[in-house]
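Numbering (the working numbering), first residue to last: 610 to 698.
Down below is the structure, laid out as structure tokens.
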């Protein structure tokens, strides 16, 4: 699915709000225990949060739920590359 949208230049207020949303999502990632926050990049544009990273499907699902539960988020777009978790010994 192509999530690209053509839009005009964003306002300073919109960029500021997007930066605030990104900060809130990242803060909510901390202490979650289901994934490492440093493995996931968060980018916000017009209230739409893009999650990027090299993660397992379970980690992607957990990060998506955290992002969706963050105030101000209009939509979450997953742009993950999935890896297979190492076998437990």
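Every residue, glycine too, gets a C-beta built ideally from N, C-alpha and C.
In the DSSP annotation of this structure, residue 686 is not part of any alpha helix (DSSP H); the continuous beta strand (DSSP E) holding it starts and ends at 684 to 691. Ranked by how close their Cα comes to the Cα of residue 643, the residues 696, 632, 681 and 667 have 667 in first place.
Residue 672 sits close to residue 638, with the two beta carbons spaced by under 8 Å. Nearest Cα to residue 659 within the set 682, 645 and 641: 682. Between the alpha carbons of residue 693 and residue 665 lies a gap of roughly 6 Å. Residue 640 has its alpha-carbon roughly 23 Å from the corresponding atom of residue 657. The beta-carbon separation of residue 651 and residue 635, rounded to 6 Å, stays under the 8 Å limit for a contact. Here the alpha carbon of residue 626 sits roughly 10 Å from the alpha carbon of residue 620.
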